[in-house]
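In the working numbering, the protein residues as written are 16 to 290.
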């Protein structure tokens, strides 16, 4: 089927509702307690991941029965099969499982629609705060917080004279932040879990989120659309936009989510690709 921008815009609200319902299931388990398993890659899996996965799959299959779905919890679908997909849903039922286990509230439900290797619709829902970030192609990016009015969000412009604000992973802090400090000097740091970091770039709270370590495509896809529509970019170390479903592996390369890709960040990338 052909995906057009009007259809995408009409799809946003139903997908936000699905994300919120999945979030409600997660919060029930968050309150009552949960079991933890370990996946083959040694990452944690909880009953909340599975409950959210089941609900989202069921709702999306009813909403768009003709569009296939790839979830973190069903990632065994071969590239031979998915390489023929022009459009598909890419979901992370519970992004930030480690944050969920720590009970710090920094976890999200991520739902993205991928169209020809790009994120054309993205919804990121934070259950604990009841905050939903959403965007669709050529329609802008938005934030809805609890019962408040939905507001349009955009990245902020950065200049070399301003001390930048950097987002860093709470559970995966690494050499990238040290390399940044050595290159650009002092900066304000926001430590955060899950795809919330990219959403903070999208709404202008942070300038950049550098990730020089392993992530999967479902970790970035939903927030990628939000960042794009807010005026930012998510690029790899060669300044190419991240793409989806182009290879057998579902791992992303190292990347930067940036509000304003000015010369400061370009120079940082050129000198720190190997960091």
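Don't be surprised by glycine CBs; every beta carbon is placed ideally from N, CA and C. These figures come from a predicted structure and were not determined experimentally.
query: Which same chain residues, not among the five before or five after residue 289, have their C-beta less than 8 Å away from its C-beta?; result: Low per-residue confidence applies at residue 289: pLDDT is 44, beneath 50, and the placement is therefore not dependable, though the value from the model is reported in the following sentence. Cβ neighbours of residue 289 beyond the five flanking positions: none.
query: Buried or exposed for residue 167, going by 16 or more other Cβ atoms inside 10 Å?; result: exposed
query: Pull up the distance between the alpha-carbon of residue 148 and that of residue 29, whole angstroms please.; result: 14 Å
query: Let me check understanding here. Comparing Cα to Cα, which of 232, 77, 212 lies closest to residue 121?; result: 212
query: Spell out the partners DSSP gives residue 31 in its beta bridges.; result: BP columns for residue 31 are empty, so no partner.
query: So is residue 125 buried or exposed if we call it buried at 16+ other beta carbons inside 10 Å?; result: buried
query: Classify residue 233 as helix, strand or coil using the three-state DSSP reduction.; result: helix
query: Residues bridged to residue 84 by DSSP?; result: 104
query: Please report how far the alpha carbon of residue 93 lies from the alpha carbon of residue 218, in whole angstroms.; result: 36 Å
query: Can you name, in chain order, every residue of its own chain whose Cβ lies under 8 Å from the Cβ of residue 50, other than the five neighbours on each side?; result: 61, 62
query: So what's residue 16 in DSSP terms, helix, strand or just coil?; result: coil
query: What first and last residue would you give for the beta strand (DSSP E) that runs through residue 250?; result: 248 to 251
query: Run through DSSP, which three-state label would residue 261 get?; result: coil
query: Going by other Cβ atoms of all chains shown within 10 Å of its Cβ, with 16 needed for buried, is residue 19 buried or exposed?; result: exposed
query: Taking the beta carbon of residue 48 as the centre, do at least 16 other beta carbons fall within 10 Å, making it buried, or is it exposed?; result: exposed
query: Helix or strand or just coil, what does DSSP make of residue 281?; result: helix
query: Compute the beta-carbon to beta-carbon distance between residue 88 and residue 16, rounded to the nearest angstrom, for a pair I have assumed lies under 8 Å.; result: Not confirmed; about 25 Å, so no contact.
query: Starting from the C-beta of residue 268, find all residues in its chain whose C-beta is less than 8 Å away, skip the five residues before and the five after it, and write them out in chain order.; result: 251, 252, 257
query: Output needed for residue 70: all residues of its chain with C-beta closer than 7 Å, excluding positions within five of it in sequence on either side, in chain order.; result: 36, 37, 40
query: Is the Cβ-Cβ distance between residue 110 and residue 179 less than 8 Å?; result: no
query: For residue 169 and residue 245, which I take to be in contact (beta-carbon distance under 8 Å), what is that distance rounded to the nearest angstrom?; result: 5 Å
query: So what does DSSP say about residue 220, is it helix, strand or coil?; result: coil
query: Given a threshold of 16 other Cβ atoms within 10 Å of its Cβ, counted over all protein chains shown, does residue 64 qualify as buried or as exposed?; result: buried
query: Of the choices 216, 26, 135, 260, whose alpha-carbon is the least far from that of residue 74?; result: 26
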